[in-house]
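The structure under discussion appears below in the form of structure tokens.
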Amino acid sequence: MALSSSSSTLLRRLLGSTPLSSSRSSVLRAAFCSSSSSGPSPTLPPPSTIFGDDTEVANVPPLTTPKLFVSGLSRLTTDEKLKSAFAPFGQLLEVKVITDRVSGRSKGFGFVRYASLQEAETARQEMNAKFLDGWVIFVDPAKQREQKPAPQPDTASSHTGFTINKTVGWCG
DNA sequence: GTTGAGCGTT
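Take the first sequence: its position 74, counted from the start at 1, is 74 in the UniProt record's numbering, and no numbers get skipped.
Written as structure tokens, this is what we have:
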């Protein structure tokens with residue numbers, strides 16, 4: 001149950017030649033449902049226990065942030081290329097391909113931010129595991145880059161007038 | 001040219 005979309009290395013290898021059978025459960029279901037009119041079967045549990053329900057397994061959890069993390073980008077892919085790929089799926093508030101400050105080239109991943117979650121989900125379901133510039137890209141919800149800047153409540157002076165000396169330096 | 005894990009600059 002530890003299926004995560006972060007396994008890009010193995011997935012892009014498999015995506016090279018995957019028949020992608022989506023209606024495999026229909027064949028098995030027909031075999032079970034064709035012989036169930038003569039009382040309960042002590043040897044076989046009800047089909048609902050095996051397959052659960054008509055719920056598809058490809059159900060993905062909804063997003064919680066309009067910001068998406070796009071990985072698997074080609075080194076030749078830039079901001080404009082990424083923007084052009086995610087543009088028709090919604091209003092992009094910000095598109096950024098992370099480039100190394102030293103070498104000045106793309107790191108192979110970027111971020112896209114939509115105006116709403118609806119657009120982000122659409123873009124994710126439409127652009128996840130798709131080809132972009134010859135490489136299979138992966139769209140995942142991005143983390144919050146904004147970590148607490150200064151959550152220090154008692155950084156000023158207290159009413160008691162005492163000031164804690166935080167100089168816990170080395171005694172040597 | 002630089003081939004592949006990962007979460008960014010202001």
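Virtual Cβ for every residue (Gly too), placed ideally from N, Cα, C.
Original post:
Quick one: what's got a C-beta closer than 7 Å to residue 173's C-beta in the same chain, skipping five residues either side?
Top reply: Nothing can be reported for residue 173, as the shown portion of the chain is limited to 1 through 172.
Original post:
Would residue 106 be called buried (16 or more neighbouring beta carbons within 10 Å of its own) or exposed?
Top reply: Counting from 1 along the first sequence, the entry for residue 106 is found at position 106. Counting Cβ neighbours within 10 Å, residue 106 comes out buried, since at least 16 surround it.
Original post:
Short check: CB of residue 87 to CB of residue 111, under 9 Å?
Top reply: Position 87 of the first sequence, counted from the first residue, corresponds to residue 87. Position 111 of the first sequence, counted from the first residue, corresponds to residue 111. Cβ atoms of residue 87 and residue 111: not closer than 9 Å.
**OP:** Kindly indicate the opening and closing residues of the beta strand (DSSP E) around residue 143.
**Re:** For the purposes of this step, residue 143 is identified with residue 143 of the first sequence, where counting begins at 1. Under the DSSP assignment, residue 143 falls outside any beta strand (DSSP E); it carries neither an H nor an E label.
Original post:
So, helix, strand or coil for residue 122, using DSSP?
Top reply: Within the first sequence, numbered from 1, the residue matching residue 122 stands at position 122. Looking at residue 122 - three-state DSSP - the assignment turns out to be helix.
**OP:** Could you check if residue 123 is buried or exposed, using at least 16 other CB atoms within 10 Å of its CB as the buried criterion?
**Re:** As a first step, residue 123 is located in the first sequence; it is residue number 123 there, counting from the start. Result: buried.
Subject >> Spatially closest choice to residue 120 from 96, 81 and 139, by CA coordinates >> reply: Stepping through the first sequence from its first residue, residue 120 is reached at position 120. Comparing C-alpha distances from residue 120 to each of 96, 81 and 139 shows the shortest one belongs to 139.
Original post:
Nearest-angstrom Cα distance between residue 78 and residue 97?
Top reply: Translated into the one-based positions of the first sequence, residue 78 becomes position 78. Translated into the one-based positions of the first sequence, residue 97 becomes position 97. So the two alpha carbons sit approximately 6 Å from each other.
Subject >> Residues that DSSP places opposite residue 67 in a beta bridge >> reply: To locate residue 67, count along the first sequence from 1; it is residue 67. Beta-bridge pairing links residue 67 to 113.
**OP:** Within 10 angstroms of the Cβ of residue 61, are there 16 or more other Cβ atoms? Answer buried if so, exposed if not.
**Re:** In the first sequence, counting from the first residue as 1, residue 61 sits at position 61. Its Cβ having fewer than 16 others within 10 Å, residue 61 is exposed.
Original post:
When you compare each of 103, 63, 93 and 84 to residue 75 by their alpha carbons, which one comes out closest?
Top reply: Position 75 of the first sequence, counted from the start, is the residue given in the question as residue 75. Considering only 103, 63, 93 and 84, the residue with the shortest C-alpha distance to residue 75 is 103.
**OP:** In the DSSP assignment, find the unbroken beta strand (DSSP E) run with residue 76 in it and report its ends.
**Re:** Numbered from 1 along the first sequence, position 76 holds the residue referred to as residue 76. According to the DSSP assignment, residue 76 belongs to no beta strand (DSSP E), since it is labelled neither H nor E.
Original post:
When the Cα atoms are used, what is the spatial distance from residue 91 to residue 85?
Top reply: For the purposes of this step, residue 91 is identified with residue 91 of the first sequence, where counting begins at 1. For the purposes of this step, residue 85 is identified with residue 85 of the first sequence, where counting begins at 1. When the Cα atoms are used, residue 91 and residue 85 turn out to be separated by approximately 12 Å.
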